[in-house]
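In the working numbering, the protein residues as written are 21 to 266.
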């Protein structure tokens, strides 16, 4: 099947990327591991895409930075960068573990955080971990001088294809873990996944594979046939987080 016709634009920086993204039918392109497959198979979520805006030269969407107990994860960071980062493993282990389990090694080297968050599929490993961490998205929009910060859960529900995701901000969590179940042990999207984050006396859980997008545990549909599987994974993941923090 041939790719859906589109126009390719290589943005020279943030301002140029935002100008192109303001066009009707524009979509940001970085790793392209899901986007190009969607275009090739004419998936519904890319049916209106007419312009691909290559954002790989947007420097302020790169890197992993530490500010006190906060992490700034650039949207252009790859899954492999997250999985191999000693900073991420120390401050947000759930994110490193999730990134290490997503897809195949060659796709981890290409797929980006931004793509995993913005692609509308049920089992985004990185997105699930970021939801459990309570991530805040840093978003730039054409015509606005300042960036906007918005809860990741809200951003994922809105879509916002004409904006540019620059980074995700997460607070450090010493106690966290991620576990998934899938039809195969490797190279397969999760059938169900659980990310658990403990901070103080509070616990945040996010689920992948049980809805159209990864969701917070408090949003899980009642009476789901996967309820028992999810509960078992939550229990095991929580126990694993408690064991690994010792």
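For every residue, glycine included, the Cβ atom is placed at its ideal position computed from N, Cα and C.
None of these values were measured; they are calculated from a predicted model.
query, result
"Host alpha helix (DSSP H) of residue 58 (start-end)", "55–60"
"Secondary structure of residue 141, DSSP reduced to three states", "coil"
"Cβ contact (3+ pairs, closer than 8 Å) linking the region 98–106 and the region 174–190", "no"
"Cβ neighbour criterion (16 or more within 10 Å) applied to residue 69", "buried"
"Identity of the residues DSSP links to residue 224 by a beta bridge", "217"
"Segment limits, alpha helix (DSSP H) that includes residue 126", "125–128"
"Closest by C-alpha distance to residue 212, when choosing among 227, 221, 121", "227"
"Residue 92 - DSSP class collapsed to helix/strand/coil", "strand"
"Validate contact between the region 116–125 and the region 154–174 using beta carbons, cut 8 Å, 3 pairs", "no"
"Residue closest to residue 52, alpha-carbon to alpha-carbon, out of 223, 170, 165, 131", "131"
"The region 82–97 / the region 57–71 touching (three or more Cβ pairs under 8 Å)", "no"
"Residue 158 - partner residues in DSSP beta bridges", "169, 187"
"Beta-bridge partners of residue 84, as assigned by DSSP", "93"
"Three-pair Cβ contact test at 8 Å for the region 140–158 versus the region 28–41", "no"
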